[in-house]
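Chains as they are written, first to last, in my numbering: chain R, 3 to 114; chain S, 6 to 122.
Structure representation (structure tokens):
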């Protein structure tokens, strides 16, 4: 059974700092991995999707890497801003139909 | 605005009551999903549907029922509400058309916060 773990559970950093969020998964036979952002009281917004054949995916100040063999992904946020404060979740699909297994998320707070 | 709409946003139920969480999408997506999110936990899949008339159980289906009579709507029914069903419920949809390796992005609704007392 696929399990997804995210560390740290919470992170507080000063504005401008570069930071890394970690995601690990137990079954390396994944087709892709997605990173989501969740704002308080809101739904999830997809940030990045990395296919299993890719090593990295970038969007603006965000860079996600994937190492299938070690069962790990990282989300790198450059020059963090208070607007980046949110919960970040990673997820991998299982079986047929894009059903996702989620990690518990990392709560990020960027202080101004 | 195009997207996934959930109603109600908040609801308090008494133990044993029943209710339906509504979900509708206007993107003509084949796939729809219901997840629940408990505090400090990841989202867990309750039910999903690959098209009108086709539904299947996810990881935590007990205590819930779904139907998919149209492409747009995917209501979640709670029968005999229990305190363990206190959670935030998210509906999502995607246009994935059938390949496991396909990677279409899910669009989520804003969530429905349910409290059972």
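Note that the Cβ used here is the ideal one computed from N, Cα and C, for glycine as well.
Under a Cβ-count criterion, where at least 16 other Cβ atoms within 10 Å of its own Cβ denotes burial, should residue 14/S be classed as buried or exposed?
Result: exposed.
Could you tell me which residues DSSP puts in a beta bridge with residue 56/S?
Beta-bridge pairing links residue 56/S to 59/S.
Using C-beta distances below 8 angstroms, list every residue in its chain close to residue 23/S, excluding the 5 sequence neighbours before and after it, in chain order.
Correct list, in chain order: 82, 83, 84, 85 and 86.
I want to see whether chain S comes within less than 7 angstroms of residue 106/R, judged by CB atoms only; does it?
Residue 106/R counts as touching chain S.
According to DSSP, is residue 13/S part of a helix, a strand, or is it coil?
In this structure, residue 13/S counts as coil in the three-state DSSP scheme.
Nearest CA to the CA of residue 15/R: which residue from 75/R, 79/R, 93/R and 29/R?
Measuring from the Cα of residue 15/R, the nearest candidate turns out to be 79/R.
Determine the direct distance from the alpha carbon of residue 112/S to that of residue 4/R, and round the result to whole angstroms.
Their Cα atoms are separated by approximately 22 angstroms.
Starting from residue 22/S, follow its DSSP beta bridges and name the residues at the other end.
For residue 22/S, which the question treats as bridged, DSSP gives no partner whatsoever.
Is residue 83/R helix, strand or coil when you go by DSSP?
Coil, per DSSP.
Below 6 angstroms CB to CB, which residues in the same chain sit around residue 26/S once its five sequence neighbours on both sides are set aside?
Only 81, 94 and 117 meet the Cβ criterion.
Give the DSSP bridge partners of residue 27/R, in chain order.
Answer by DSSP bridge pairing, in chain order: 6/R.
From residue 20/R to residue 50/R, what distance separates their C-alpha atoms?
Each residue's Cα considered, the two are about 18 angstroms apart.
Using DSSP bridges, identify the partner residues of residue 64/R.
DSSP lists 61/R and 79/R as partners of residue 64/R.
I want to see whether chain S comes within less than 7 angstroms of residue 46/R, judged by CB atoms only; does it?
Yes, residue 46/R lies at the interface with chain S (some Cβ there is under 7 angstroms from its Cβ).
Can you name, in chain order, every residue of its own chain whose Cβ lies under 7 angstroms from the Cβ of residue 165/R, other than the five neighbours on each side?
Coverage of chain R is limited to positions 3 through 114, which leaves residue 165/R absent and any answer about it impossible.
Please report the distance separating the alpha-carbon of residue 115/R from that of residue 36/S.
No answer is possible for residue 115/R: the residues shown for chain R start at 3 and end at 114.
For residue 104/S, which residues of its own chain have a beta-carbon under 8 angstroms away from its beta-carbon, when the five flanking residues on both sides are left out?
Confidence is the limiting factor: at residue 104/S the pLDDT is only 44, short of 50, which leaves the residue's position unreliable, though a coordinate-based value still follows. So no residue of the chain qualifies.
Below 7 angstroms CB to CB, which residues in the same chain sit around residue 9/S once its five sequence neighbours on both sides are set aside?
Here the set comprises 28, 30, 96, 97, 98, 112, 113 and 114.
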